[in-house]
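Student: When we follow our numbering, the leftmost residue of the sequence shown carries the number 3, and every step to the right adds one.
Built from N, CA and C at the ideal position, the CB exists for glycine as well.
Quick one: the structure is below, questions incoming.
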Amino acid sequence: MAQLGDGASGLAWIVLRALLRFVFMFFNNCVAIPSYCLYLLALQPLRVWDSATFWYLEGVMFKWLLAMVSSWGWIAGYTVTEWGDDVRPFSEEEAMVIVNHQSTGDVCTLMMCLQDKGTVVRKMMWLMDHVFKYTNFGLVSLIHGDFFIRQGKAHRDKQLVYLKEHLDRYYHSRDRKWIVLFPEGGFLRKRRETSQLFAKKNSLPHLTHVTLPRMGATHVILKTLGGQQENGSVTGDTGVNKSKSLQWVIDVTIAYPKARPMDIQTWIFGYRPPTVTHVHYSTYYSWLYITYVAVCKEKLLNTGSSVYL
Numbered sequence: 003m004a005q006l007g008d009g010a011s012g013l014a015w016i017v018l019r020a021l022l023r024f025v026f027m028f029f030n031n032c033v034a035i036p037s038y039c040l041y042l043l044a045l046q047p048l049r050v051w052d053s054a055t056f057w058y059l060e061g062v063m064f065k066w067l068l069a070m071v072s073s074w075g076w077i078a079g080y081t082v083t084e085w086g087d088d089v090r091p092f093s094e095e096e097a098m099v100i101v102n103h104q105s106t107g108d109v110c111t112l113m114m115c116l117q118d119k120g121t122v123v124r125k126m127m128w129l130m131d132h133v134f135k136y137t138n139f140g141l142v143s144l145i146h147g148d149f150f151i152r153q154g155k156a157h158r159d160k161q162l163v164y165l166k167e168h169l170d171r172y173y174h175s176r177d178r179k180w181i182v183l184f185p186e187g188g189f190l191r192k193r194r195e196t197s198q199l200f201a202k203k204n205s206l207p208h209l210t211h212v213t214l215p216r217m218g219a220t221h222v223i224l225k226t227l228g229g230q231q232e233n234g235s236v237t238g239d240t241g242v243n244k245s246k247s248l249q250w251v252i253d254v255t256i257a258y259p260k261a262r263p264m265d266i267q268t269w270i271f272g273y274r275p276p277t278v279t280h281v282h283y284s285t286y287y288s289w290l291y292i293t294y295v296a297v298c299k300e301k302l303l304n305t306g307s308s309v310y311l
């Protein structure tokens, strides 16, 4: 009976804590997001007079909002251990960041990791599924200039055209540096079987912990923003010089303990015990073949299974 009572009281405390966290975050969002929007509305004359300063201020407030989301994890004891290459020296250079995708919590994990990477957070552009446009943070991302992409064969070709137009219009004009995408095109649990069938059919490596990347958006980004090797010189479709072209691919591998991803509900309610998520960085030149990166992810997770899974 004593053990039953202890279990009931423990469950009651978890539920109460989750409820308190939800209430706090609800009011936090009700204050922070409208404040961001109203400040930018008031600063519209500055956008006309001095666009660079306007987007600098917008980036600072955007970073604060992402820090707010990151704090939800810290409060619950969800921390991150970073491995691999030091990416901070590239914080002021143009880079494409590719990340394996397991759950909605991957975005929160990235928000936490990138807070100390110089000006990256305020100068970054995200590519995300169009459903996020209709979340509480969707309006912020829309104002910031992130791109919402639709999945599926019916939308694929048009979406790639829209992506190129979006990059041409917003990337350089808003002084963006890092562009973040999930090249797997969706969560691991939903894509793994299809990826393995495709790999078997095309004699590609059998991957378990990641999926083969979908190349459409990646090709558009590299072609639009990246320097192309021509006769030993670097050029780009946008006509910008080498210092303004995409120079790096930063491969980010997120690995959760026991291969149990944390979703956004876990971050909000904090019902999982404190845990450490491992994040590994590898840097490559922008022209490196991206499928090779997927194989590197698989080798990393298999070799370090006692640490990462």
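Nearest-angstrom Cα distance between M130 and Q267?
Tutor: Approximately 18 Å between the Cα atoms of the pair.
Student: Could you have a look at D253 and say whether DSSP puts it in helix, strand or coil?
Tutor: Note: D253 maps to strand in three-state DSSP.
Student: Per DSSP, what kind of secondary structure is S284 in: helix, strand or coil?
Tutor: In this structure, S284 counts as strand in the three-state DSSP scheme.
Student: Going by other Cβ atoms of all chains shown within 10 Å of its Cβ, with 16 needed for buried, is D253 buried or exposed?
Tutor: With 16 or more other Cβ atoms within 10 Å, it is buried.
Student: Suppose the cutoff is 7 Å on Cβ atoms and the five residues either side in sequence are ignored; what does the same chain contact list for I270 look like?
Tutor: Here the set comprises R23, F24, M27 and W74.
Student: Going by DSSP, name the residue or residues bridged to I223.
Tutor: According to DSSP, which records beta bridges pairwise, I223 is partnered with nothing at all.
Student: For G61 and H146, what's the separation of their Cα atoms in angstroms?
Tutor: One C-alpha to the other measures close to 8 Å.
Student: Closest to I77 by CA distance: which of H208, V133 and R19 is it?
Tutor: Comparing Cα-Cα distances from I77 to each of H208, V133 and R19, the minimum goes to R19.
Student: Taking the beta carbon of A14 as the centre, do at least 16 other beta carbons fall within 10 Å, making it buried, or is it exposed?
Tutor: Answer is exposed; the Cβ neighbour count stays below 16.
Student: Between the alpha carbons of I292 and L214, how many angstroms are there, rounded?
Tutor: Bear in mind that the predicted position of I292 carries a pLDDT of just 46, short of 50, making it unreliable; the figure below should be weighed with that in mind. Looking at the two C-alpha atoms, the distance is approximately 9 Å.
Student: Tell me the DSSP secondary structure of F28 in three-state form.
Tutor: Residue state, collapsed to three classes: helix.
Student: Decide if the segment 211–227 is in contact with the segment 50–64; the criterion is three or more beta carbon pairs, one per stretch, under 8 Å apart.
Tutor: No, the segment 211–227 is not in contact with the segment 50–64.
Student: CB-CB under 6 Å to M3, same chain, minus the five flanking residues each way: which ones, in chain order?
Tutor: Confidence is the limiting factor: at M3 the pLDDT is only 49, short of 50, which leaves the residue's position unreliable and the question unanswerable from this model.
Student: Just to confirm the assignment: which complete beta strand (DSSP E) runs, minimum length 3, are found wholly within the segment 127–154?
Tutor: Whole beta strand (DSSP E) segments, 3+ residues: 127–131 and 149–151.
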